[in-house]
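Comments concern the structure below.
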């Protein structure tokens, strides 16, 4: 038996230490994965737990015990009593139009493509600019999670359509601007 094959060989000891280190790292990674979905749900939130992609349960504020991914997925939502504010950006003047306004002059006028950005035409041919904020609550968490990425764009389209319909129907007169006699 050579010195290289003996149990006290430096190569055997180095291999043993490397194996133990890799084993410890693997055990720590497995524990971190096993407890990855154990979390605290804040009072302003609630969680929807999906078990293999199917809706399983709703967890309000407190400690959430869930299996790690891919077994269970946790989606955080606002609490039932929380009102969320959303600014509708579709009705605002675009950044390109604001930048073009800054550099526009009589020599280089604003292009027609950007001229109407952020303005709505009223029923009596007036022009208005709206800054709309919508306030909403999530009352059906399962439906909100199922629709996911489509909810907020649909809300923006609904508000934009309502604003266009409202301003097209409205007749704004200059009498609103006069002082009462």
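Numbering (our numbering), first residue to last: 86 to 266. Even glycine gets a Cβ: it sits at the ideal position worked out from N, Cα and C.
Q) Under the rule that 16 or more other beta-carbon atoms within 10 Å means buried, what is residue 133, buried or exposed? A) The residue in question, residue 133, is buried, as its Cβ has 16 or more Cβ neighbours within 10 Å.
Worksheet item: Taking DSSP as the reference, what is the three-state secondary structure of residue 154?
Response: coil
Check whether the Cβ atoms of residue 126 and residue 147 lie closer than 7 Å to each other.
-> yes
*DSSP-derived helix/strand/coil call for residue 234*: helix
Inset, instruction - Quick one: which unbroken alpha helix (DSSP H) runs of 4-plus residues sit fully inside the segment 105-192? Chain order, please. - result: Here the runs fully enclosed are 180-188.
Among 153, 160 and 205, which residue has its Cα nearest to the Cα of residue 115? Minimum Cα distance to residue 115 is reached at 153.
With a threshold of 16 other CB atoms inside 10 Å of the CB of residue 107, please say whether the residue is buried or exposed. Burial call: exposed.
>> Given this structure, state the Cα-to-Cα distance separating residue 164 from residue 189, to the nearest angstrom.
In response: 47 Å
Q.
Buried or exposed for residue 101, going by 16 or more other Cβ atoms inside 10 Å?
A. exposed
*asked:* Buried or exposed for residue 173, going by 16 or more other Cβ atoms inside 10 Å?
replied: buried
*Three-state secondary structure assigned by DSSP to residue 227*: Three-state result, residue 227: helix.
* Asked: Where do the ends of the beta strand (DSSP E) carrying residue 219 lie?
  -> 218-221
- [ ] Take residue 128 as the anchor and find which of 149, 118 and 204 has the nearest alpha-carbon.
- [x] 149
Q) If you draw a straight line from the alpha carbon of residue 144 to that of residue 222, how long is it in whole angstroms? A) 17 Å
What's the call for residue 218, buried or exposed, on a 16-neighbour Cβ count within 10 Å?
In the assembly as shown, residue 218 is an exposed residue. Its beta-carbon has fewer than 16 other beta-carbons within 10 Å.
query = Grouping DSSP H, G and I as helix and E and B as strand, with all else coil, what is residue 215?
reply = coil
**Report entry** Per-residue burial, residue 252 [other beta carbons within 10 Å of its own, 16 or more giving buried]
**Finding:** Classification of residue 252: buried, given that the 10 Å Cβ count is 16 or more.
field: Length of the line joining the Cα atoms of residue 103 and residue 137
entry: 37 Å
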